[in-house]
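Inspection log for the structure reproduced underneath, given as C-alpha cells.
Residue numbers (this note's numbering): 114 to 445.
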C-alpha cells in the first residue's frame, strides 16, 4: 500500500510538472475561428506549438461566467502562463490572479494591475488611421463606412483613428459610423453586419471598415456582393473576399500570444503593461496577392509617409479611450 501511495504521489508530481510546462489560452466569445480577433490569438498559439514543439491547452467560452471558471481551472491544474483574449476578461483575471499568485497570466486588450499579470494593449487608432488613408484614396463617392461590433470605447478607438485617416486625405469626406449592438452578441452576428453594410452603401459608402469580430464576415460579404470595397480587421482577411477587401488592419494578437507562451516556457515571462503600436509593428495594414490590384503606388506612399510621421511623433493619432472624444468627427 505504501509503495502504491508513493507511486501515486510520483505520478502526480510528474503530471503537475508537465502541466507547468504547458501554457493555456482562453478565447473570447465568438470562437477561435471567427477569422478575426480570436483567430489571431489561435494562430499565435499554433505558431508557438510549431516553433517549439510544445503543446498548449485551450478553451472557447460560451458565456460570460466561463471566463473565470476557465482561468481558475487552468491555474488549478498548473498551466502557466494562462492567457485570455478580450477586454471583458479583466475582472475575472484580476480575481483569479490574486488567488494564484504563483501562476503567470496574460490578458489581451485590457490592463489588469496585478504583479503576476502581463497586460498587452494596442494602439488600434494608429493602424485604423492608416486604413482610413487607404479608404479615402480608394473612395470614388467621398463617403465611407465603419461597422463596429459592441459599442465600447475600444471599438470607438478604431472608429476615431479611421475617421482621422480619412479626413487627413479628404477633409470633406463623410464617414458613416454604426455599431452592431451593446452586448457581447454584437461580435458574432454576420447577418446584422451585412444589413448595416447594405444600409451604409445605400447612403453612398463605397468602402466599409469592419471592426466587429465574427460580425465582420457579413460586412465583407455584403460589400463584395454590392461591388464595393471593405477593410478587414485584426487578422489578415484579404483572402476572404479577394479583389474586394482593400486591406486589413492588422492587430498582432498572434505575436502577443506567441511571445507570452515562449517567454513563459523560457522563464523570461515579464509582467506589467505592453503597448504595441505602429512603431512596434503591433498594428499596420496588410498587402498581399489578394489586394495588390486594388492598392495604388500613391496610396502606399501616403500610408508610408503617415507611418513614418506616427513613429517620429509628427502625427499623434488621438486615442478615443483617453477622453471619450474624437476630434476628427463623430464616432457614434
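Don't be surprised by glycine CBs; every beta carbon is placed ideally from N, CA and C.
How many Å lie between residue 209 and residue 136 at the Cα?
Taking the straight line from one Cα to the other gives about 16 Å.
Tell me, please, whether the region 154-169 touches the region 352-367 by the rule of three or more beta-carbon pairs shorter than 8 Å.
Yes, the region 154-169 touches the region 352-367.
In three-state terms, what does DSSP make of residue 128?
In this prediction, residue 128 scores a pLDDT of 37, lower than 50, which makes its location untrustworthy; no coordinate-derived value is stated.
Under a three-way DSSP split, which group does residue 322 fall into?
Correct three-state label for residue 322: strand.
Only counting the same chain, and skipping five residues up and downstream in sequence, which positions put a Cβ closer than 8 Å to that of residue 291?
If we look at residue 291 and ignore the five residues flanking it on each side, its Cβ neighbours are 258, 259, 260, 261, 309, 312, 313, 445.
Would you please state the rounded distance, in angstroms, between the beta carbons of residue 278 and residue 245? I believe it to be under 8 Å.
Rounded, the Cβ-Cβ distance is 2 Å, consistent with contact.
What residues in its chain sit with their C-beta under 7 Å from that of residue 276, if we drop five residues either side in the sequence?
Closer than 7 Å at the Cβ level, and outside the excluded window around residue 276, lie 245, 288, 439, 441, 442, 444.
Can you list, in chain order, the residues of its chain whose CB lies under 6 Å from that of residue 371, leaving out five sequence neighbours each side?
Around residue 371: 157, 160, 161.
Per DSSP, what are the beta-bridge partners of residue 364 in this structure?
The partner list for residue 364 (beta bridge, DSSP) reads 396.
Is residue 188 closer than 9 Å to residue 172 when the C-beta atoms are compared?
No, they are not a contact pair.
Using the DSSP secondary-structure output, state which residues sit across from residue 345 in a beta bridge.
DSSP output for residue 345 lists 361 as bridge partner(s).
What residue range is occupied by the uninterrupted alpha helix (DSSP H) comprising residue 424?
Unbroken alpha helix (DSSP H) run through residue 424: 410-425.
Quick one: Cα of residue 263 to Cα of residue 381, how far?
When rounded, the distance between both Cα atoms is 35 Å.
Considering only residues of the same chain and omitting the five flanking positions on each side of residue 355, which have a CB-CB separation below 6 Å?
If we look at residue 355 and ignore the five residues flanking it on each side, its Cβ neighbours are 403.
Let me confirm a value: residue 387 is counted as buried when at least 16 other C-beta atoms fall within 10 Å, else exposed. Which label applies?
Answer is buried; the Cβ neighbour count reaches 16.
So residue 156 is in the alpha helix (DSSP H); what residue range does that whole segment cover?
150-165 is the extent of the alpha helix (DSSP H) around residue 156.
Going by the DSSP bridge assignment, what does residue 170 pair with across the sheet?
According to DSSP, which records beta bridges pairwise, residue 170 is partnered with 137.
Comparing alpha-carbon positions, which option in 374, 339, 181, 323 lies nearest residue 351?
Selected option, being the one with the closest Cα: 323.
Tell me the DSSP bridge mates of residue 218?
Answer is 195, 230.
In angstroms, rounded to a whole number, what distance separates the CA positions of residue 267 and residue 181?
Cα to Cα, residue 267 sits roughly 22 Å from residue 181.
Just to confirm my understanding: we take residue 131, look at its own chain, exclude 5 residues before and 5 after, and list those with CB closer than 6 Å. What are they?
Bear in mind that the predicted position of residue 131 carries a pLDDT of just 43, short of 50, making it unreliable; the figure below should be weighed with that in mind. If we look at residue 131 and ignore the five residues flanking it on each side, it has no Cβ neighbours.
Short of 7 Å in beta carbon distance, which residues of its chain neighbour residue 146, apart from the five on each side in sequence? Order them along the chain.
Cβ neighbours of residue 146 beyond the five flanking positions: 152.
My assumption, with CB atoms under 8 Å, is that residue 325 sits in contact with residue 345. Please give the rounded CB distance.
In fact, because the Cβ distance is near 10 Å, the residues do not count as touching under 8 Å.
Kindly indicate the opening and closing residues of the alpha helix (DSSP H) around residue 247.
From DSSP, the alpha helix (DSSP H) with residue 247 extends over 237-251.
Express the C-alpha separation of residue 358 and residue 333 in angstroms, rounding to a whole number.
Computed Cα separation, rounded: 7 Å.
For residue 150 and residue 224, I'd like the C-alpha separation in whole angstroms.
Going from the Cα of residue 150 to the Cα of residue 224 covers about 17 Å.
Beta-carbon separation of residue 383 and residue 231 under 9 Å?
Going by C-beta atoms, residue 383 is nearer than 9 Å to residue 231.
Given a cut-off of 9 Å on the beta-carbon distance, is the pair residue 319 and residue 342 in contact?
Contact: yes.
For a quick check, are the C-beta atoms of residue 222 and residue 235 less than 9 Å apart?
In contact: residue 222 and residue 235 (Cβ atoms closer than 9 Å).
Let me check understanding here. Comparing Cα to Cα, which of 411, 336, 405, 394 lies closest to residue 239?
Nearest option by C-alpha distance: 394.
In or out: residue 285 buried (at least 16 other Cβ within 10 Å) or exposed?
Classification for residue 285: exposed.
Quick test of your reading: residue 303 and residue 331, contact by CB under 8 Å. State the CB separation rounded to the nearest angstrom.
At roughly 3 Å, the Cβ-Cβ gap stays under 8 Å, so residue 303 and residue 331 are in contact.
Closest to residue 338 by CA distance: which of 348, 321, 347 is it?
Minimum Cα distance to residue 338 is reached at 321.
Determine the direct distance from the alpha carbon of residue 362 to that of residue 167, and round the result to whole angstroms.
Distance between the alpha carbons of residue 167 and residue 362: 30 Å.
Could you pull the start and end residues of the beta strand (DSSP E) that residue 291 belongs to?
Start and end: 287-294.
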